[in-house]
Structure formats: structure tokens, C-alpha cells
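J.: Before I ask anything, here is the structure I am working with.
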Amino acid sequence: MQIKLSNNFEKNLYLIYEFIAKDKLSAAQNFKKELLKTIKALSDFPLKYRKTYYFDDENIRDLTFKGYTIVYEVDFDKKEIFVFHIFNKNLPINIKKENQNESY
1 MQIKLSNNFE
11 KNLYLIYEFI
21 AKDKLSAAQN
31 FKKELLKTIK
41 ALSDFPLKYR
51 KTYYFDDENI
61 RDLTFKGYTI
71 VYEVDFDKKE
81 IFVFHIFNKN
91 LPINIKKENQ
101 NESY
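Heads up: the sequence shown begins at 1 in full-length UniProt numbering, then just goes up one per residue.
Pasting the structure below:
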């Protein structure tokens with residue numbers, strides 16, 4: 001399955017990266033590297049993580065990673081995983097699907 005990242009996801013990942021980097025750059029780099037590796041692994045097991053609480057759809061999932069929730073949608077017809085949001089699991093904000101940005 002192809003993985004696509006939304007503009008919103010990329011923007012929020014950048015903000016999280018910058019926040020972590022203020023304390024320790026290597027920790028920010030490791031966080032981003034490990035997160036993208038975890039997202040890439042979704043290609044093999046797209047339904048590995050729990051059904052989301054935010055949408056009534058079995059194909060929208062919540063991946064929890066180091067205190068953050070990554071919301072993604074699996075589209076079996078298009079053979080695509082669309083990652084559309086990341087947030088601190090304690091602070092969900094207005095979650096909505098948007099147009100995709102680029103393939104990963």
C-alpha cells in the first residue's frame with residue numbers, strides 16, 4: 001500500500017519536531033525517524049492499530065506513538081493509507097480529513 005501524508009500532518013509534525021529540538025536536537029531527529037518508520041510499516045499491516053474514536057469508520061485508525069496520536073485512513077480500493085493528523089493524545093484538536101499532500 002502507498003502511504004500519503006497530508007499537509008496538516010506534515011505541518012504538525014514539524015511543530016512537534018521543533019518543540020523537541022529546543023531541548024535536544026538528536027531526540028527530535030530520532031523521534032521523526034522512528035515515527036516515519038512506524039508509519040511506513042503500516043503498508044504491511046494497515047489495520048494493526050485501533051479503530052479511531054473520532055470517526056465512525058472502521059478504516060480510520062489511531063496509531064499511538066510516544067504520547068502522540070496519529071490518525072490515518074486505509075483505502076483498500078486505492079491501496080492507499082492516508083495519514084491526516086498528529087496530536088498530543090491529551091489535546092485532540094479539530095480533526096478533519098483534507099486533501100493529500102505527497103506520497104511517502
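We put the beta carbon where it would ideally sit given N, CA and C, even for glycine.
As the structure is a prediction and not an experimental result, all values here were calculated from the model.
Of the residues Y54, D57 and F76, which one's Cα is nearest the Cα of P46?
T.: Residue 46 sits at position 46 when you count from the first residue of the sequence shown. Here the closest residue by C-alpha is F76.
J.: Under the DSSP definition of a beta bridge, which residues are partnered with D75?
T.: Looking up residue 75 in the sequence shown gives position 75. D75 pairs with E80.
J.: When we look at the beta-carbon of R50 and count the other beta-carbons within 10 Å, is it buried (16 or more) or exposed?
T.: By 1-based counting over the sequence shown, the position of residue 50 is 50. Label assigned to R50: exposed.
J.: Quick one: any contact between the stretch 73-88 and the stretch 8-15, if contact means 3 or more CB pairs under 8 Å?
T.: Touching, yes, given that three or more Cβ pairs across the two stretches are closer than 8 Å.
J.: Could you tell me the alpha carbon to alpha carbon distance between A41 and Q29, rounded to whole angstroms?
T.: Taking the first residue of the sequence shown as position 1, residue 41 is located at position 41. Taking the first residue of the sequence shown as position 1, residue 29 is located at position 29. Approximately 18 Å between the Cα atoms of the pair.
J.: Among the candidates L25, I39, D57 and K33, whose CA atom is the shortest distance from the CA of K4?
T.: Position 4 of the sequence shown, counted from the start, is the residue given in the question as residue 4. The option with the nearest alpha carbon to K4 is I39.
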